[in-house]
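The block underneath contains the structure these notes are about, expressed in structure tokens.
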Amino acid sequence: MNINERILNDVTIMDLDGDLAMEGNAQFRSRANTAIDAGARKLLVNMAKVPYMDSSGLGEIISCYMRLQKLSGRLILLNLNNRLQHLLVITKLATIFETFDSEPDAVISFDHPSQPVTQLAEK
């Protein structure tokens with residue numbers, strides 16, 4: 006997996022390229038944690054070039070989401086293909102994650118309070 010990170014205003018955008026599974030998970034976790042440790046609280050994960058995500062990849066997204074939540078931050082998913090959207094629906098996570106198909110709309114949404122969504126319970 007290749008990950009390009011860029012900052013637009015105060016939003017950290019991570020452009021993922023490749024499957025979010027197995028080896029890609031460690032790369033995503035490392036880059037996301039580094040960004041959060043550096044102070045990122047608005048994380049936009051662009052999945053336009055992610056053809057496949059397995060359950061462990063989904064777990065990494067959830068972990069990142071929960072870490073940001075604890076820090077009063079937000080994670081938004083961008084450009085999910087039909088397969089990834091379906092994965093969120095069947096796992097009932099479509100009610101948890103904010104998703105957008107437009108980068109400008111997603112970036113602007115960080116300046117507005119998020120819509121109430123179901124909270125993920127901590128174990």
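Heads up, the working numbering is the position in the sequence shown plus 5, with the first residue counted as 1. Backbone N, C-alpha and C define an ideal beta-carbon position, used for all residues, glycine too. Predicted, not measured: the structure shown is a model, and the values here were computed from it.
Count the other CB atoms, across all protein chains shown, that sit within 10 Å of the CB of residue i; report buried if there are 16 or more and exposed otherwise.
i, result
"Asn84", "buried"
"Met27", "exposed"
"Val16", "buried"
"Ala126", "With a pLDDT of 49 at Ala126, under the threshold of 50, the modelled position of this residue cannot be trusted; read the value that follows with caution. Exposed, by the Cβ-count rule."
"Val94", "exposed"
"Lys97", "exposed"
"Lys75", "exposed"
"Gly64", "exposed"
"Ser35", "exposed"
"Ser114", "buried"
List the residues that DSSP assigns as beta-bridge partners of residue i.
i, result
"Asn9", "Asp20"
"Phe115", "DSSP lists no partner for Phe115."
With a Cβ-Cβ cutoff of 8 Å, do residue i and residue j count as a contact?
i, j, result
"Phe105", "Ala111", "yes"
"Val55", "Met19", "no"
Nearest to residue i by CA position, among the options, is which residue?
i, options, result
"Ser68", "Asn86, Phe33, Tyr57, Lys54", "Phe33"
"Gly78", "Leu21, Ala45, Asn9, Asp24", "Ala45"
"Pro109", "Asn7, Leu13, Ile8", "Leu13"
"Ile66", "Gly29, Ser114, His117, Arg11", "Gly29"
"Asp24", "Ile8, Ala37, Thr39", "Ile8"
"Asp59", "Leu92, Asp116, Lys97, Met6", "Leu92"
"Asp42", "Arg72, Leu21, Ile81, Tyr57", "Arg72"
"Gly62", "Ala31, Asp22, Leu80, Arg11", "Ala31"
"Ile81", "Ala40, Tyr70, Leu89", "Tyr70"
"Ser107", "Pro118, Leu89, Ala99, Met52", "Met52"
Sequence ranges, alpha helix (DSSP H) only - wholly within the region 47-105, length at least 4: 60-75, 87-95
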